[in-house]
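What follows is a short report on a single structure.
There are 2 protein chains.
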Amino acid sequence: MLKEIKLSPIGYVDTKSVGKEIRNRCNISRIVLDQGLTEGLEGIEDFSHLLVLFWMHMVPKEERRTLKTRPRGRADVPLLGMFATRTPYRPNPIGLTLVEILEVKDNIITVRGLDAVDGTPLLDIKPFDYWDTVDEVKVPDWWIRLEGKQHNI
Amino acid sequence: MLKEIKLSPIGYVDTKSVGKEIRNRCNISRIVLDQGLTEGLEGIEDFSHLLVLFWMHMVPKEERRTLKTRPRGRADVPLLGMFATRTPYRPNPIGLTLVEILEVKDNIITVRGLDAVDGTPLLDIKPFDYWDTVDEVKVPDWWIRLEGKQHNI
Numbered sequence: 004m005l006k007e008i009k010l011s012p013i014g015y016v017d018t019k020s021v022g023k024e025i026r027n028r029c030n031i032s033r034i035v036l037d038q039g040l041t042e043g044l045e046g047i048e049d050f051s052h053l054l055v056l057f058w059m060h061m062v063p064k065e066e067r068r069t070l071k072t073r074p075r076g077r078a079d080v081p082l083l084g085m086f087a088t089r090t091p092y093r094p095n096p097i098g099l100t101l102v103e104i105l106e107v108k109d110n111i112i113t114v115r116g117l118d119a120v121d122g123t124p125l126l127d128i129k130p131f132d133y134w135d136t137v138d139e140v141k142v143p144d145w146w147i148r149l150e151g152k153q154h155n156i
Numbered sequence: 004m005l006k007e008i009k010l011s012p013i014g015y016v017d018t019k020s021v022g023k024e025i026r027n028r029c030n031i032s033r034i035v036l037d038q039g040l041t042e043g044l045e046g047i048e049d050f051s052h053l054l055v056l057f058w059m060h061m062v063p064k065e066e067r068r069t070l071k072t073r074p075r076g077r078a079d080v081p082l083l084g085m086f087a088t089r090t091p092y093r094p095n096p097i098g099l100t101l102v103e104i105l106e107v108k109d110n111i112i113t114v115r116g117l118d119a120v121d122g123t124p125l126l127d128i129k130p131f132d133y134w135d136t137v138d139e140v141k142v143p144d145w146w147i148r149l150e151g152k153q154h155n156i
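Order-wise, the sequence lines are chains A and B.
Position 131, counted from 1, in the first sequence is what the working numbering calls 134; the numbers after and before it change by one each time, with no gaps.
Position 45, counted from 1, in the second sequence is what the working numbering calls 48; the numbers after and before it change by one each time, with no gaps.
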């Protein structure tokens, strides 16, 4: 059984946004890949969206042992297992966000909707396709209450 | 700049499927979490779908340096940058698959649609919500040709 897995960042996130601006769905960021990986982007501009996997490096090591959480600390949401939420406080704090591609130039992709702070190490980017979506999705009531909407538009 | 990131598996994939069966969208697998993480699942059964992040441990180290690829080795698909495809041959071979939850019991989640071989180390599981999907998706012509369909039903 594999005990430890080692990854190296493929690049980093470049954004001027700070604080609450990061979570704004219209937030603009640049995905800056290591220059040696530029060739690996060829053809990515023919997709409209990407799945970005990043390392949430600001999560303190001790928080990776969290088991229960209340999303956004709100009292009107039940205490939940952290795997039932998108909290950064999880055993392997890998962030995963669906973003829109705005521009691809050399080793840089400008995207809309990435909720990662400036300097966040990137682990992978994957093109978003029809296998990444389903017609019928069920989410709990607390999720609808928290997000105040039913769909990403 | 972070040079190395260390992860520990949170569990593994248990499936009887082998070879081509793995890629069948109806493939049934069990996500077996480390028993110490069972509490972290509370509330996950209220979602219909999960995003499963796993470590594609069968990818040889030298293949992680691949820059260009032809999806499924097919001559009728253009030579593409690996970031424009879902090839396992990428710098950090993290697999990401949207699956349907069939049952949650103790530390085990039975799911449909996970394309990971038996014994695959798990990195994270995240509930799938409306922020993980968009109404208008564009994919290249080669993708439609390869998958022979436009939507996951």
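The beta-carbon is built from N, C-alpha and C at its ideal position, and this holds for glycine as well.
All values reported here derive from a predicted model rather than from experimental measurement.
Beta carbon of residue i nearer than 8 angstroms to that of residue j
i, j, result
"Gly84(A)", "Pro81(B)", "no"
"Leu112(B)", "Ile34(B)", "The question names Leu, yet the displayed sequence has Ile at residue 112(B). Against a cut-off of 8 angstroms, the Cβ pair of Ile34(B) and Ile112(B) comes out as a contact."
"Glu106(B)", "Ser51(B)", "no"
"Trp58(B)", "Ile97(B)", "yes"
"Asp109(A)", "Thr41(A)", "yes"
"Pro91(A)", "Val114(A)", "no"
"Leu149(B)", "Arg75(B)", "yes"
"Leu44(B)", "Leu56(B)", "no"
Of the residues the options, the one placed nearest residue i, counting alpha carbons only
i, options, result
"Lys64(B)", "His52(B), Phe57(B), Arg75(B) and Pro94(B)", "Pro94(B)"
"Leu54(A)", "Asp79(B), Met61(B) and Leu99(B)", "Leu99(B)"
"Glu7(B)", "Val21(A), His60(A) and Leu36(A)", "His60(A)"
"Val21(A)", "Asp79(A), Asp118(A) and Leu101(A)", "Asp118(A)"
"Thr88(A)", "Arg75(B), Asp127(B), Met4(B) and Glu66(B)", "Asp127(B)"
"Trp48(B)", "Phe86(A), Gly39(A) and Glu48(A)", "Note that residue 48(B) is Glu in the sequence shown, not Trp. Checking every option, the nearest Cα to that of Glu48(B) belongs to Phe86(A)."
"Lys129(A)", "Lys19(A), Gly39(A) and Leu101(A)", "Leu101(A)"
"Val16(A)", "Gly151(B), Asp17(B) and Met4(B)", "Met4(B)"
Residue interval of the beta strand (DSSP E) (run including residue i)
i, result
"Ile97(B)", "Ile97 to Lys108"
"Trp58(B)", "His52 to Trp58"
"Ser20(A)", "Ser20(A) -> no beta strand (DSSP E), and no H or E assigned at all."
"Arg115(B)", "Ile111 to Arg115"
"Ile8(A)", "Ile8 to Leu10"
"Val62(A)", "Note, Val62(A): premise wrong, no beta strand (DSSP E); not H, not E."
"Arg33(B)", "Ile31 to Leu36"
"Ile47(A)", "Per DSSP, Ile47(A) belongs to no beta strand (DSSP E) and is neither H nor E."
"Lys129(B)", "Pro124 to Pro130"
Start-to-end residues for the alpha helix (DSSP H) that takes in residue i
i, result
"Arg148(A)", "Asp144 to Glu150"
Within-8 angstroms CB hit, residue i to chain E
i, result
"Val137(B)", "Absent here is chain E; the protein component of the structure consists of chains A and B."
Check your understanding: Between the stretch 131-148 of chain B and the stretch 138-152 of chain A, do at least 3 Cβ pairs fall closer than 8 angstroms?
Key -> Look at the beta carbons and you see the stretch 131-148 of chain B touching the stretch 138-152 of chain A: at least three pairs across the two are nearer than 8 angstroms.
Check your understanding: Between the stretch 12-23 of chain B and the stretch 110-129 of chain B, are three or more C-beta pairs nearer than 8 angstroms?
Key -> With the rule of 3 Cβ pairs closer than 8 angstroms, the stretch 12-23 of chain B counts as touching the stretch 110-129 of chain B.
Practice item. Using a Cβ-Cβ cut-off of less than 7 angstroms, list which residues of the stretch 44-78 of chain A approach chain B; keep chain order. Key: Taking 7 angstroms as the Cβ-Cβ cut-off against chain B, the residues of the stretch 44-78 of chain A that qualify are Leu44, Glu45, Gly46, Ile47, Asp49, Phe50, Ser51, His52, Leu54, Leu56, Trp58, His60, Leu70 and Lys71.
Check your understanding: Are the stretch 28-35 of chain B and the stretch 61-80 of chain B touching by the rule of at least three beta carbon pairs closer than 8 angstroms?
Key -> The stretch 28-35 of chain B vs the stretch 61-80 of chain B: no contact.
Point to revise | Interface residues of the stretch 103-129 of chain B facing chain A [CB-CB below 8 angstroms] | key: Residues passing the 8 angstroms Cβ filter: Glu103, Pro124, Leu126, Asp127, Ile128 and Lys129.
Review point. According to a CB-to-CB cut-off of less than 8 angstroms, which residues of the stretch 84-98 of chain A neighbour chain B?
Key: Flagged, chain order: Gly84, Met85, Phe86, Ala87, Thr88, Arg89, Arg93, Pro94, Asn95 and Ile97.
Review point. Along the stretch 5-24 of chain A, what residues have a CB closer than 8 angstroms to any CB found in chain B?
Key: Contact annotation: in the stretch 5-24 of chain A, residues whose CB is within less than 8 angstroms of a CB in chain B are Leu5, Lys6, Glu7, Ile8, Lys9, Leu10, Ser11, Pro12, Ile13 and Tyr15.
Exercise for review: Check each residue of the stretch 26-43 of chain B: if its Cβ is closer than 9 angstroms to any Cβ of chain A, include it; give the result in chain order.
Suggested key: Against chain A - using a Cβ distance shorter than 9 angstroms - the residues of the stretch 26-43 of chain B are Arg28, Leu36, Asp37, Gly39, Leu40, Thr41, Glu42 and Gly43.
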